[in-house]
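In this text, residue positions in the sequence shown follow UniProt numbering: the first is 1, and each later residue adds one. The beta-carbon is built from N, C-alpha and C at its ideal position, and this holds for glycine as well. Since this is a predicted model, take the numbers as computed values, not measurements. As structure tokens, the structure follows; a few thoughts come after it.
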Amino acid sequence: MKYLYYILAICILAGCSSSSGEEEGGGRDAFVVRILDGNGSPVTENVRLDVYTVREDFNSLVPYADYDVTSGTAEITVYRPTRLIVTAVASSYNPVRMTVDNAVAGQSVDIVLEPRSGLRIMEYNVDYGWGYQDPAEADWESESARRKASFVQWVKKYDPDIITFCELNCFGFGTEERPDDIDADFQEFARQYGHSYASIRKQGGRNSFPTGISSRYPLSDIEKVELQTAPQTGYRVHGFLQAECEGVTLIACHLSSQDATTREVEAEEIAKRVSAEEYALCSGDMNSDSREDLAHLADGVWPNNRWWNSPPQYGPIDRYLDAGLEDSYYLVSDYFQATCSAKNGDELYDFSTISMTGMKVDCMMMTPSLAEKCDFAAIIQTSQTRRASDHFPYMVHLDSVR
């Protein structure tokens with residue numbers, strides 16, 4: 001009987017969700033969110049409003065609705081008192097994350113946005129370079145181009161200053177003018193969304209999976225690190241990309257998906273480098289379990305949250321935690337949230353189903369000094385990002401370190 005109630009709840013949530021990304025009117029069933037500037041005036045530039053609700057049985061967040069708001073007001077349909085987590089992101093303002101403990105139809109809440117400052121950093125695993133050379137896609141070239149164009153339009157709404165990428169398989173081949181510069185084609189792409197600086201760790205290709213960093217601000221002290229972890233990792237020797245930007249040391253990494261021991265070797269080297277700096281972070285797909293996630297999930301949930309048929313693999317994240325690094329997501333959230341779906345054998349489950357919560361394998365780990373600067377973190381699960389990749393993007397906001 002308990003599961004029947006859960007199924008009913010999920011059906012209700014699905015009925016409430018906005019799949020269009022447009023502003024909606026909820027009428028008499030609406031909970032109203034007013035988006036104001038510091039003077040109390042409605043914000044009329046585009047605001048991305050992403051809304052989540054809490055699954056109390058898992059203590060995790062699931063998507064509820066998402067909107068593009070240009071009127072300063074959004075109406076969210078609710079049929080019963082509901083706990084909501086609301087994030088508001090606009091180009092000219094700092095992002096805000098708000099918890100509404102009891103959203104009731106006919107009531108309202110104000111979100112006040114402050115002028116933009118500091119840094120927005122996004123992490124995104126873009127799934128084989130947006131489908132580059134995907135053998136399951138007959139016309140992969142056309143599909144990959146479509147997905148890249150869709151990303152450019154989407155990411156402008158969140159307008160991050162820096163993006164760390166995983167799986168940039170489609171870049172690293174140079175351009176006609178700079179055929180031997182593996183950064184050239186990635187830099188050309190990044191300029192489409194306002195990033196004048198970009199670097200990729202190695203040449204792409206079907207089985208390459210390079211990491212990369214793009215930025216609105218100059219990147220310096222770029223180091224393309226190749227770890228000697230083969231043959232355990234085979235062709236997926238990811239290494240990592242390290243750079244300095246606006247006073248922050250950045251490491252874009254993608255730990256091995258092939259071997260648990262290799263992941264620990266990679267994580268230990270990354271943790272050593274990050275922890276040696278005052279303001280530093282490592283960001284990427286860690287392909288690992290975390291004791292932090294276990295601590296935030298409801299009792300008894302974790303054993304049903306497996307994507308490998310294997311015991312939990314805490315070692316890599318333990319290396320970060322033992323070095324004093326902090327998971328930026330839990331600096332602002334009391335709830336678990338997935339960054340990708342969960343698997344059981346060959347069967348793929350969505351993160352919002354009864355027995356699965358999905359996996360939080362993407363992390364942004366920070367030094368304590370940088371963690372003190374972090375006032376916003378969001379895993380962006382929306383109608384758009386559920387179609388765009390097998391991972392969800394993740395964004396933080398930092399006060400300036402300069």
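Checking contacts by CB at 9 Å: is L325 closer than that to chain C?
-> Of the chains in the structure shown, none is chain C; there is only one protein chain.
Who are the Cβ neighbours of residue 406 in its own chain at under 6 Å, not counting the five residues just before and after it?
-> Residue 406 lies beyond the stretch modelled for the chain, which goes from 1 to 402, so this question has no answer here.
Reduced DSSP secondary structure (H/G/I, E/B, other) of V43 | Position 43 of the sequence shown, counted from the start, is the residue given in the question as residue 43. The answer is coil: DSSP assigns V43 none of H, G, I, E or B.
Spatial neighbours of Y124 in its chain, beta-carbon cut-off 8 Å, leaving aside the 5 residues before and after | As a position in the sequence shown, residue 124 is number 124, starting the count at 1. Within the same chain, Y124 has close Cβ partners I163, T164, F165, C166, S389, H391, P393, Y394.
Would you grab the beta carbon distance between V152 and Q192 for me? Rounded to a whole angstrom, and I think it's under 8 Å.
-> Mapped onto the sequence shown, residue 152 falls at position 152. Mapped onto the sequence shown, residue 192 falls at position 192. At roughly 5 Å, the Cβ-Cβ gap stays under 8 Å, so V152 and Q192 are in contact.
Look at the Cβ atom of L281, then the Cβ atom of A243, and state whether they are nearer than 9 Å.
-> On the sequence shown, position 281 is the one that residue 281 refers to. On the sequence shown, position 243 is the one that residue 243 refers to. Going by C-beta atoms, L281 is not nearer than 9 Å to A243.
Can you have a look at S328 and say buried or exposed, based on whether 16 or more other CB atoms are within 10 angstroms of its CB?
-> For the purposes of this step, residue 328 is identified with residue 328 of the sequence shown, where counting begins at 1. Counting Cβ neighbours within 10 Å, S328 comes out buried, since at least 16 surround it.
Residues that DSSP places opposite S60 in a beta bridge = Along the sequence shown, read from residue 1 onward, the residue named residue 60 stands at position 60. R55, F336, per the DSSP bridge assignment.
Please list, in chain order, all residues of the same chain as G204 whose beta carbon is under 8 Å from its beta carbon, the five residues on each side excluded.
-> Here residue 204 refers to the residue found at position 204 when the sequence shown is read from its first residue. Excluding residues within five positions, the ones whose Cβ falls inside 8 Å are G129, Y132, L168, N169, C170, F171, G172, F173, P210.
Reducing DSSP to helix, strand and coil, say where L119 ends up.
-> As a working note, residue 119 is residue 119 in the sequence shown. Strand, per DSSP.
Stretch-stretch touch, CB-based, cutoff 8 Å, three pairs: the stretch 35-45 with the stretch 110-125 | yes
State yes or no: is the C-beta of A260 within less than 9 Å of the C-beta of P179?
-> One-based indexing of the sequence shown puts residue 260 at position 260. One-based indexing of the sequence shown puts residue 179 at position 179. Cβ atoms of A260 and P179: not closer than 9 Å.
Would you give the residue range spanned by the alpha helix (DSSP H) that V109 belongs to?
-> On the sequence shown, position 109 is the one that residue 109 refers to. No alpha helix (DSSP H) contains V109, which is instead part of the beta strand (DSSP E) from 108-112.
Helix, strand or coil: which one does DSSP assign to K157?
-> The residue labelled residue 157 in the question sits at position 157 within the sequence shown. The answer is helix: DSSP assigns K157 an H, G or I state.
Where the alpha helix (DSSP H) through V274 begins and ends = As a first step, residue 274 is located in the sequence shown; it is residue number 274 there, counting from the start. V274 -> alpha helix (DSSP H) spans 260-275.
Is S208 helix, strand or coil when you go by DSSP?
-> Sequence index remark: in the sequence shown, residue 208 carries index 208 (1-based). DSSP places S208 in coil when its eight states are reduced to three.
CB-CB length for Y197 against S208, believed under 8 Å | In the sequence shown, residue 197 corresponds to position 197, counting from 1. In the sequence shown, residue 208 corresponds to position 208, counting from 1. So it is not a contact: roughly 22 Å between Cβ atoms.
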